[in-house]
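First comes the structure, then the notes that go with it.
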């Protein structure tokens, strides 16, 4: 049967189909009443892409509390303009990105993935040699002013900033600062999770 429920925020044809929340799920509410329809749509799309269960109550997003970090990473990314509902890789519009530095070649999207994987390894074990190697390799290639193909500039600049902080925590000084490194690696991982 076709539902004629008028309370739906989005037209069912254009909205991604959410993963249903189980009745006994403990949820966190996010009031997105001041966000635009496009922004809320982008949030829904990214949550669906991450297979995170959620539902809308008019403009209030209900999401499982256990996925709070991932949900907040998505909300931060959309709010900062670093994410849209468009699939970043498949339909990236080269003209939408800010022009790269003259003569600079655009990095492949995989550079973002390399940072994500380094963050994932180093948040679990800041002394992971492979993780540090991945991080340094990506940092060598990365230019904060030259985002990879299909990556928004604010997201890329923040990625480079966190990667620099992470490298400093591990390589500056006599001993690696494991606590700071794990924290920054976690931030890097959460920032990039919606896009990789």
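Residue numbers (our numbering): 16 to 211.
Where a beta carbon is used, it is the ideal one built from N, C-alpha and C, also for glycine.
For residue 192, name the three-state secondary structure that DSSP assigns. Three-state DSSP puts residue 192 in coil, outside helix and strand.
What distance in whole Å lies between the Cβ atoms of residue 207 and residue 163, which are believed to be in contact at a cut-off of 8 Å? At roughly 12 Å, the Cβ-Cβ gap does not stay under 8 Å, so residue 163 and residue 207 are not in contact.
How would you label residue 135, buried or exposed, when you count the other beta carbons within 10 angstroms and need 16 or more for buried? The residue in question, residue 135, is buried, as its Cβ has 16 or more Cβ neighbours within 10 Å.
In this structure, does DSSP put residue 63 in helix, strand or coil? Of the three classes helix, strand and coil, the one that applies to residue 63 here is helix, per DSSP.
Quick one: is residue 167 buried, meaning 16 or more other Cβ sit within 10 Å of its Cβ, or exposed? With 16 or more other Cβ atoms from the protein chains shown falling within 10 Å of its own Cβ, residue 167 counts as buried.
Who does residue 70 pair with in a DSSP beta bridge? As DSSP reads the structure, residue 70 sits in a beta bridge with 77.
On the premise that residue 159 lies in contact with residue 149, defined as a C-beta separation below 8 Å, what is that separation, rounded to the nearest angstrom? Between residue 149 and residue 159, the beta carbon gap of about 18 Å keeps them out of contact (Cβ cut-off 8 Å).
Helix, strand or coil, according to DSSP, for residue 143 in the structure here? Residue 143 carries a coil assignment under DSSP once its states are collapsed to helix, strand and coil.
Can you tell which of 94, 131 and 202 has its C-alpha closest to the C-alpha of residue 53? Proximity to residue 53 across 94, 131 and 202 peaks at 94, based on C-alpha coordinates.
What does DSSP give as the partner residues of residue 45 in its beta bridges? Among the bridge pairs identified by DSSP, residue 45 is matched with 76.
Is it right to say residue 86 is buried, meaning 16 or more other beta carbons lie within 10 angstroms of its own, or is it exposed? Taking every protein chain shown into account, the CB of residue 86 has 16 or more other CB atoms within 10 angstroms, so this residue is buried.
Give the DSSP-derived three-state secondary structure of residue 211 in the structure shown. In the structure shown, residue 211 adopts coil according to DSSP, grouped into three states.
N- and C-terminal bounds of the alpha helix (DSSP H) containing residue 176: For residue 176, the uninterrupted alpha helix (DSSP H) segment begins and ends at 168-186.
Bounding residues of the alpha helix (DSSP H) (the contiguous stretch that carries residue 122): Under the DSSP assignment, residue 122 falls outside any alpha helix (DSSP H); it carries neither an H nor an E label.
Are the beta-carbon atoms belonging to residue 82 and residue 67 less than 9 Å from one another? Against a cut-off of 9 Å, the Cβ pair of residue 67 and residue 82 comes out as a contact.
What are the partner residues of residue 6, as DSSP defines its beta bridges? Here the chain comprises residues numbered 16 to 211, so residue 6 is not present and cannot be evaluated.
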